[in-house]
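Residue numbers (UniProt numbering): 1 to 111.
For each residue, glycine too, the CB sits at the ideal point set by N, CA and C.
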């Protein structure tokens with residue numbers, strides 16, 4: 001089952017003083033096991049462009065649509081047997097301690 005894992009900042013990171021897991025090691029391990037299909041960091045929200053159409057009119061604005069303290073800073077596309085495995089992959093990601101990870105399965109849309 002495929003999951004989009006949104007890597008997000010958080011205003012309340014973990015205060016545990018132990019060293020964070022190494023992101024390169026996390027990527028290598030999950031790539032080699034076929035659980036991570038792709039992923040990348042995103043440019044800061046200052047580089048975002050929001051696109052909407054209202055009443056047939058194109059509205060383009062600079063910056064993110066949502067104004068929150070927490071922002072999506074990256075993503076990983078996971079391929080896991082089930083939600084339990086996806087949670088296990090997410091819990092070992094460094095941002096599980098410094099930020100938050102949102103797991104969302106892909107919709108099973110009819111053809």
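Bridge partner(s) assigned by DSSP for residue i
i: residue 2; result: 79
i: residue 100; result: 8
i: residue 36; result: 78
i: residue 41; result: 74
Expected contact under 8 Å - CB spacing of residue i and residue j to nearest Å
i: residue 99; j: residue 7; result: 7 Å
Residue i versus the options, residue with shortest Cα-Cα distance
i: residue 19; options: 96, 33, 81, 102; result: 96
i: residue 72; options: 103, 59, 60, 80; result: 103
i: residue 93; options: 15, 38, 16, 30; result: 30
Residue environment, residue i, which counts as buried when at least 16 other CB atoms sit within 10 Å
i: residue 33; result: exposed
i: residue 76; result: buried
i: residue 41; result: exposed
Pair within 8 Å by beta-carbon distance, residue i and residue j
i: residue 101; j: residue 35; result: no
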